[in-house]
Amino acid sequence: MSEPLRILVLHGPNLNLLGTREPEVYGHTTLAEIDQELAELAKARGAQIQALQSNHEGVLIDRIQEARGEIHGILINPGGLTHTSVSLRDALVGVELPIVEVHLSNVQAREAFRHHSYVAGVAVGTVAGFGARSYRLGLEALLDHLSD
Ligand code: DQA
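If you want it as structure tokens, here you go:
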């Protein structure tokens, strides 16, 4: 049997508060529930996930740098760093892995400052607006992309 695909799932600032943070925007599902669902989906497809949430840009960047040679693809919800972080984008480019960007909310339908993403241009694609389902759809898309 071939080696399982290893996917790094990264959650940016404030996503540790999912379930209680602005539930009208982000829903009631907690981050632990999202990670559990992703782990089950990955397992069903013969893959594995490693999940990390951090409120610190540098912690996310360190983890991305460590992914080279260890991870096959990255699923990332950068949270507010989506709209601000050149450094996060540079790290994602530097590691030369396929990236899928996800957002719970439809960022294009929200405030203008959320319309620009530094990550979108270096991602295979973006899934946004489907609540916790965005993660599942994003993982499916990333695994499909890796198997193509
Ligand atoms: C978010 C959208 C961002 O604009 C926001 O800063 C977040 C969450 C989302 O998943 O919808 O923290 O990434």
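Residues in the sequence shown are numbered from 0 upward in steps of one, following numbering that gives the first Met the number 0.
All C-beta atoms in this analysis are idealised placements derived from N, C-alpha and C, irrespective of residue type, glycine included.
Given the structure is predicted, the values throughout are model-derived calculations rather than measurements.
Could you tell me how far apart the beta carbons of residue i and residue j are, in whole angstroms, since I believe they sit closer than 8 Å?
i      : j      : result
Ile60  : Ile73  : About 12 Å; that fails the 8 Å criterion.
Asn54  : Pro22  : Wrong, their Cβ atoms sit about 19 Å apart, outside the cutoff.
Ala140 : Val126 : 7 Å
Val94  : Ala66  : 5 Å
Asn105 : Gly128 : 3 Å
Leu87  : Glu110 : So it is not a contact: roughly 20 Å between Cβ atoms.
How big is the Cα-Cα spacing for residue i and residue j?
i      : j      : result
Ala194 : His114 : Nothing can be reported for residue 194: it is not among the residues displayed for the chain, which extend from 0 to 147.
Leu4   : Ile98  : 14 Å
His10  : Glu100 : 10 Å
Glu69  : Leu7   : 9 Å
Glu2   : Leu103 : 31 Å
Ala46  : Glu39  : 9 Å
Thr19  : Ile75  : 21 Å
Using three-state DSSP, classify residue i as helix, strand or coil.
i      : result
Ala152 : Residue 152 cannot be examined here, being either before or after the span of the chain that is shown, 0 to 147.
Ile60  : helix
Ala46  : strand
Arg5   : strand
3-residue-minimum beta strand (DSSP E) runs that sit fully inside the stretch 4–40, ordered along the chain: 4–10
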